[in-house]
Amino acid sequence: MECGVKPPHSKRRLHSKGVVMRQWPHSPVHRFSERGTYIVTAGAYGKQKFFNTPGKLAFLHDRLLELAGEFELQLQAWAVFSNHYHFVAILRDYPESIRRMISKLHTLTAIYINRLDTAPGRKVWFQYWDTELTFERSILARLNYVNNNAVHHRLVEEAKQYPYCSAS
Ligand code: NI
5 MECGVKPPHS KRRLHSKGVV MRQWPHSPVH RFSERGTYIV TAGAYGKQKF
55 FNTPGKLAFL HDRLLELAGE FELQLQAWAV FSNHYHFVAI LRDYPESIRR
105 MISKLHTLTA IYINRLDTAP GRKVWFQYWD TELTFERSIL ARLNYVNNNA
155 VHHRLVEEAK QYPYCSAS
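For our numbering, add 4 to where a residue sits in the sequence shown, where the first one is 1.
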């Protein structure tokens, strides 16, 4: 978990600034918020390595990608490990899209892992942190950081050798 990503409470926005667009008669109300780039880090409860097999890692990795699509997070980089993950995504409707996506991801993966380990109701996830990246240089630095996180954690010598990340 010590990945250089601090809990970003100081920069975290509590509400997105919604703009109500002009409505056509009988059309649904669409609310378009400004889009931003965010880095998200989530950690397993007690830093326990619940996702400790290729099958478990693949399950977490594949659900992350699926749900990013479902909740319209444009993933720019990601890396999934036995007890945490990171991703960088462009999204709208912050923080609602992240909150809903992670809630579903953590629910699905906790049910899966607890069923495999015969540990019903066990707490799997601790919490997550998100930080908005506002400067191009910080976006590039974080993309590089996430792409190379498997090397940072000394799991592989080159990030492309690690299957559960955007560099592979
Ligand atoms: Ni990490």
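The beta-carbon is built from N, C-alpha and C at its ideal position, and this holds for glycine as well.
Q. Looking only at C-alpha atoms, which of 46, 161, 170 and 140 sits nearest to residue 88?
A. Counting from one through the sequence shown, the residue named residue 88 turns up at place 84. Among 46, 161, 170 and 140, the Cα nearest to that of residue 88 is on 46.
Q | C-alpha gap between residue 86 and residue 64, whole angstroms | A | Translated into the one-based positions of the sequence shown, residue 86 becomes position 82. Translated into the one-based positions of the sequence shown, residue 64 becomes position 60. The alpha-carbon atoms of residue 86 and residue 64 are separated by roughly 9 Å.
Q | Three-state secondary structure (DSSP) of residue 64 | A | If you number the sequence shown from 1, residue 64 lands on position 60. Looking at residue 64 - three-state DSSP - the assignment turns out to be helix.
Q | Spatial distance of residue 157 from residue 148 (CA atoms) | A | By 1-based counting over the sequence shown, the position of residue 157 is 153. By 1-based counting over the sequence shown, the position of residue 148 is 144. Going by the C-alpha atoms only, they are around 14 Å apart.
Q.
Using a 10 Å radius around the Cβ and a threshold of 16 neighbouring Cβ atoms, would you call residue 121 buried or exposed?
A. Along the sequence shown, one-based indexing puts residue 121 at 117. Under this definition residue 121 is an exposed residue.
Q: Using DSSP bridges, identify the partner residues of residue 134.
A: One-based indexing of the sequence shown puts residue 134 at position 130. Answer is 44.
Q) Should residue 85 be counted as a contact of ligand 1 given a C-beta to heavy atom distance under 8 Å? A) Locating residue 85 in the sequence shown gives position 81, where the first residue counts as 1. At least one heavy atom of ligand 1 is nearer than 8 Å to the Cβ of residue 85, so yes.
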